[in-house]
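Q: Before I ask anything, here is the structure I am working with.
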Amino acid sequence: MAAVTLKNLSKMYAKVAANDNINMKIEEGEFITLVGPSGCGKTTTLRMIAGLLSPSSGSIFFDDEDVTHTPTQNRGIGMVFQDYALFPHLNVWDNIGFGLKIQKYPKDQVKQRVRQGVEMVNLIGLEGRALSELSGGQRQRVALARALVMEPRVFLLDEPLSNLDAKLRLHMRTELKRIHKRIGVTTIYVTHDQVEAMTLSNRVIIMLDGKIQQKGTPKEVYEKPINRFVGGFMGSPPMNFLENCEIIRENDHLFLVVKGIRFSVPRHFYRAIERLNLSTVTTGIRPEDLSDRNDAVTSQYKSHMLDDTIEMTIDVIEPIGANKLLDLYHKDLRLSAIVKADSSVLPDQHINIKVNLERIHLFDPKTEESLAYFDKL
Amino acid sequence: MRNKHLTPKQLLIKTLFWGLIIWICGTILLPIFAVTMYSLADETTYPRSGGDMVIPPHWGQEGNLLHHFKMVWILEDLPVYLARSLVLALGTVILSITLSAPAAYAFVRFRFPFRKILLLSFFVFMMMPDIVFGVSLFSMFYKWGLINTIIGVIMVHTLRAIPLTLLILNGVFESIPPTLEEAAFTMGTSRLRTLRKVILPLSAPGVAAASIYAFLLSWDDFVLTVLVGGPESYNLAVLASRFMIGTDVQHYRASATAVIMLVPVLFVNFFVQRYMKSDYLTGGMARDF
Ligand SMILES: Nc1ncnc2c1ncn2[C@@H]1O[C@H](COP(=O)(O)OP(=O)(O)OP(=O)(O)O)[C@@H](O)[C@H]1O
Ligand SMILES: [Mg+2]
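Those sequence lines, one after another, are chains X and G.
Residue numbering for the first sequence follows our numbering, beginning at 8 and increasing consecutively.
Residue numbering for the second sequence follows our numbering, beginning at 32 and increasing consecutively.
Now the structure itself:
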């Protein structure tokens, strides 16, 4: 097992930078996720770590060893490809044992390790099957076992679950977590699915246009997104954005006004707004930070100084498990909010919505950076 | 009449079925039947100056059903031609596959300038008539002492075979996803071993198809063999054709030679049919996995 460090790693194609000055350190045994929209350069990063693609500049370290120019064969990595890349001419057992046989391990050791691999991914009884006789999920497991029996120093996965149906994906997610818990190999997992990223890993790295946007624990990137892109990308249903919120000053208090609705600015943003001399901001509110005023009795007394209520009309109600997703509007402003499933809400009803002010996000409309990080800039 | 009860669909299927039978008989069985019959018949069965074949013919000649085979075997040195044909065809297979397999692999895996135009040029080359090709090579081959040599004939046959073997193998390698090789690399497999353990087994059916094509091209070639070859390098096709050229047409000996030429073809056919059943030849491999 090894820690992986990327230093100023870049990959240029003819016109675009697929990876632009990537820096990261992945600790030994860590499970990190590289997440971002299609084309943001995740695969490029992963393939450079694997040695299947050579960087235009920068370097890659496994522990203290510079592997930038080491061929793939000598890096000691294991990789699971999006299309599985299983060998169609070999059966399950021979696919899993391929690498061990090539490396000329003694016969009994090959046998033992392949058996362990088969057990680890629950393929017992299917060893003799041809690949064409396996389901998508089973092929996926063969690919996992094939990479893991080599006991790699670094384990790389490129969107391994994207070809599976929703239920199987959920199941394999748990499997992956279980396997990682058991063998603890340094794992870099690429996905464009933010839910996978949030649920699987110790740490998430969010990319856009070849650049790293934010690194942190799932909780950190969710609660304190560094910019508007991260805020909108992480979380489902996605964050509401209110563009062009005007800032109004009334006896030492700041208020946001947009399309006739108005609410207070939390204190911790005051300094940033004053220093940057902003007259408008973009506000981000997660659907779960909007609630039915009537449900939130307890905090009523606390907020007498704060203006935290907005009046909206309910357009559509979508039940989602223990909650209901409300699609709200006021003039041409639309918001989605999550309320408890037992709330007595009806379509076309007017509703007082309470904004959880402590948890709103404000972004500079020009740079799209979060104002919460102003002090650190 | 029962025909009255046939629906249009049944009628179509019936027509197609019989059409297929007629097609198979006309294209495959009839020629085989004809040469076999001539090779076993009495010379007088077929009137020299036109007229119709007598069917059934008078079988055999001089009391020997295999009379014509005996004659070509003894009088015309058939074993020598047979051996030569085999050497030429196998030489063509080996040379054309060893040249076109690496080239096709490079075409598929590496991007280089003018790649498309180069590939297209092979198509154009395929359309060049044998006569133009053979005659144009003559003076060069003469200078290099390749006229009337086995090597020379193998070389022209190979040149002739390469465009198509290259295109076949190009398609074969294209159907093997590059991630298979990359997966092998990640497991510590060297490039050479990856070729042997992954690419070779997966491309084997395609290589077999290309080999068969090259074999048959050489086996059957008359024009190029005559143009650059000579008495020392003529094959069975030239021998068979020789019986048919000039005033003394020896139709029966040509037929006997043709029947002998059919043997490996039928053998290959049988072999291929069994081989092609392997399920990874379906081409769906890249999408399935
Ligand atoms: N061979 C190439 N030549 C030119 N541009 C390329 C090449 N490969 C990738 N790119 C570009 O580099 C960028 C990053 O590609 P990459 O495959 O790393 O994206 P990704 O994040 O893995 O996307 P996805 O989620 O769709 O797999 C893309 O804009 C892509 O168009
Ligand atoms: Mg990708």
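Don't be surprised by glycine CBs; every beta carbon is placed ideally from N, CA and C.
1) Using the C-alpha atoms, what's the distance from residue 33/X back to residue 308/X?
2) Within the continuous alpha helix (DSSP H) that includes residue 241/G, where are the two ends?
3) Less than 7 Å separating the Cβ of residue 114/X from some heavy atom of ligand 1?
4) Can you look up residue 68/G in the DSSP assignment and give me helix, strand or coil?
5) Check the Cβ-Cβ distances between residue 228/G and every residue of chain X, and say whether any is below 8 Å.
6) Give the residues of chain X in contact with residue 232/G, contact being defined as C-beta atoms less than 9 Å apart.
7) For residue 58/X, is the beta carbon positioned less than 7 Å from some heavy atom of ligand 1?
8) Along the chain, where does the alpha helix (DSSP H) containing residue 323/X start, and where does it finish?
9) Counting contacts by CB-CB distance shorter than 8 Å, is residue 335/X in contact with chain G?
10) Could you tell me which uninterrupted beta strand (DSSP E) segments, each at least 3 residues in length, are contained entirely in the segment 125 to 201 of chain X, listed from first to last along the chain?
11) Is the separation between the beta-carbon of residue 26/X and that of residue 18/X shorter than 8 Å?
12) Counting only runs that start and end within the segment 102 to 172 of chain G, where is the alpha helix (DSSP H) found for 4 or more residues in a row?
13) 8 Å is my cut-off, CB to CB: does residue 273/G come that close to chain X?
14) Can you pull the DSSP bridge partners for residue 91/X?
15) What are the start and end residues of the beta strand (DSSP E) that includes residue 221/X?
16) Taking 7 Å as the cut-off, is the CB of residue 50/X close to at least one heavy atom of ligand 2?
17) For residue 57/G, would you say it is in contact with chain X, using Cβ-to-Cβ distances shorter than 8 Å as the test?
18) Nearest-angstrom Cα distance between residue 300/G and residue 227/G?
19) Can you find a CB in chain G that lies within less than 8 Å of the CB of residue 19/X?
20) Could you have a look at residue 54/G and say whether DSSP puts it in helix, strand or coil?
21) For a test of the three-state rule: what should DSSP assign to residue 7/X, helix, strand or coil?
22) Whole angstroms is fine: what's the gap from residue 73/X's alpha carbon to residue 157/X's?
23) With 9 Å as the limit, tell me which residues of the segment 64 to 82 of chain X have their beta carbon closer than that to any beta carbon of chain G; keep them in chain order.
24) Report whether the distance from the Cβ of residue 281/X to the nearest heavy atom of ligand 2 is below 7 Å.
25) Quick check on the burial criterion: 16 or more other C-beta atoms within 10 angstroms. Buried or exposed for residue 278/X?
26) For residue 25/X, return the contacting residues in chain G, with the cut-off set at a CB-CB distance below 8 Å.
27) Would you check if the distance between the CB atom of residue 75/X and the CB atom of residue 59/X is smaller than 8 Å?
28) Name the residue from 369/X, 23/X and 287/X whose alpha carbon lies nearest to the alpha carbon of residue 232/X.
29) Could you confirm whether any beta carbon from chain X is found closer than 8 Å to the beta carbon of residue 236/G?
30) Check whether the Cβ of residue 20/X sits closer than 7 Å to any heavy atom of ligand 1, and report yes or no.
31) Could you tell me whether the Cβ of residue 183/X comes closer than 8 Å to any Cβ of chain G?
32) In three-state DSSP terms, what is residue 99/G?
33) Verify the CB distance criterion: does residue 205/G have a CB-CB separation below 8 Å to chain X?
34) Hey, could you find the ends of the beta strand (DSSP E) residue 32/X is sitting in?
35) Between residue 113/X and residue 105/X, what straight-line distance do the alpha-carbon atoms span, to the nearest angstrom?
36) Residues bridged to residue 347/X by DSSP?
A: Looking at the coordinates:
1) On the first sequence, position 301 is the one that residue 308/X refers to. On the first sequence, position 26 is the one that residue 33/X refers to. Only weak support is given to the placement of residue 308/X: the predicted model assigns it a pLDDT of 46, under 50, and the value that follows is read from those uncertain coordinates. If you take the alpha carbons of residue 308/X and residue 33/X, they lie about 46 Å apart.
2) In the second sequence, residue 241/G corresponds to position 210, counting from 1. Looking at the DSSP string, the run of the alpha helix (DSSP H) that includes residue 241/G is 231 to 251.
3) Taking the first sequence and counting its residues from 1, the one referred to as residue 114/X is at position 107. Incorrect: residue 114/X has no Cβ contact closer than 7 Å to ligand 1.
4) In the second sequence, counting from the first residue as 1, residue 68/G sits at position 37. Here residue 68/G sits in helix by DSSP.
5) For the purposes of this step, residue 228/G is taken as residue 197 along the second sequence, with counting starting at 1. Chain X contact via Cβ: present.
6) By 1-based counting over the second sequence, the position of residue 232/G is 201. Ordered by position in chain X, the residues that pass the 9 Å Cβ test against residue 232/G are 94, 96 and 97.
7) For this step, residue 58/X is matched to residue 51 along the first sequence. Not one heavy atom of ligand 1 sits closer than 7 Å to the Cβ of residue 58/X.
8) As a working mapping, residue 323/X is identified with position 316 in the first sequence. Here residue 323/X belongs to no alpha helix (DSSP H); instead the beta strand (DSSP E) covers 316 to 327.
9) For the purposes of this step, residue 335/X is taken as the residue at position 328 of the first sequence. Among the residues facing chain G, residue 335/X is not included, as its CB has no counterpart in that chain under 8 Å away.
10) 161 to 165 and 193 to 198
11) The sequence position of residue 26/X within the first sequence is 19, counting from 1. The sequence position of residue 18/X within the first sequence is 11, counting from 1. Yes; because the gap between Cβ atoms is below 8 Å, this pair is in contact.
12) 109 to 140 and 146 to 157, all fully within the segment 102 to 172 of chain G.
13) Translated into the one-based positions of the second sequence, residue 273/G becomes position 242. By this cut-off, residue 273/G is not an interface position.
14) As a first step, residue 91/X must be located in the first sequence, where it is residue number 84. According to DSSP, residue 91/X bridges with nothing at all.
15) By 1-based counting over the first sequence, the position of residue 221/X is 214. First-last of the beta strand (DSSP E) with residue 221/X: 218 to 223.
16) As a position in the first sequence, residue 50/X is number 43, starting the count at 1. Yes, Cβ of residue 50/X sits closer than 7 Å to a heavy atom of ligand 2.
17) Translated into positions along the second sequence, residue 57/G becomes position 26. So no, residue 57/G is outside the interface.
18) Sequence index remark: in the second sequence, residue 300/G carries index 269 (1-based). Sequence index remark: in the second sequence, residue 227/G carries index 196 (1-based). Cα to Cα, the separation comes out at about 27 Å.
19) Taking the first residue of the first sequence as 1, we reach residue 19/X at position 12. Answer no: the Cβ-Cβ gap between residue 19/X and chain G never drops below 8 Å.
20) Mapped onto the second sequence, residue 54/G falls at position 23. The answer is helix: DSSP assigns residue 54/G an H, G or I state.
21) What is shown of chain X runs 8 to 384, which leaves residue 7/X out entirely.
22) Residue mapping note: residue 73/X aligns to position 66 of the first sequence, counting from 1. Residue mapping note: residue 157/X aligns to position 150 of the first sequence, counting from 1. Answer to the nearest angstrom: the Cα atoms are 21 Å apart.
23) Taking 9 Å as the Cβ-Cβ cut-off against chain G, the residues of the segment 64 to 82 of chain X that qualify are 78, 79, 80, 81 and 82.
24) Within the first sequence, the letter at position 274 stands for residue 281/X. Not one heavy atom of ligand 2 sits closer than 7 Å to the Cβ of residue 281/X.
25) Residue mapping note: residue 278/X aligns to position 271 of the first sequence, counting from 1. Under this definition residue 278/X is an exposed residue.
26) The residue given as residue 25/X occupies position 18 in the first sequence. Those do not exist, as residue 25/X stays about 16 Å from chain G at its closest Cβ, beyond 8 Å.
27) To locate residue 75/X, count along the first sequence from 1; it is residue 68. To locate residue 59/X, count along the first sequence from 1; it is residue 52. Cβ distance not < 8 Å, so residue 75/X and residue 59/X don't count as in contact.
28) Sequence index remark: in the first sequence, residue 232/X carries index 225 (1-based). The shortest Cα separation from residue 232/X among 369/X, 23/X and 287/X belongs to 369/X.
29) Along the second sequence, read from residue 1 onward, the residue named residue 236/G stands at position 205. Not closer than 8 Å to any Cβ of chain X, the Cβ of residue 236/G fails to qualify, so no.
30) On the first sequence, residue 20/X is found 13 positions in, with the first residue counted as 1. Correct: residue 20/X has its Cβ closer than 7 Å to ligand 1.
31) Within the first sequence, residue 183/X is the residue found at index 176, counting from 1. No, residue 183/X does not count as interfacial toward chain G.
32) For this step, residue 99/G is matched to residue 68 along the second sequence. In this structure, residue 99/G counts as helix in the three-state DSSP scheme.
33) Within the second sequence, numbered from 1, the residue matching residue 205/G stands at position 174. False, the Cβ-Cβ gap to chain X never drops below 8 Å.
34) Here residue 32/X corresponds to residue number 25 of the first sequence, with the count starting at 1. Start and end: 24 to 33.
35) Position 106 of the first sequence, counted from the start, is the residue given in the question as residue 113/X. Position 98 of the first sequence, counted from the start, is the residue given in the question as residue 105/X. So the alpha carbons of these two residues sit roughly 13 Å apart.
36) Here residue 347/X is taken as the residue at index 340 of the first sequence, counted from 1. Note: residue 347/X sits in a beta bridge opposite 330/X.
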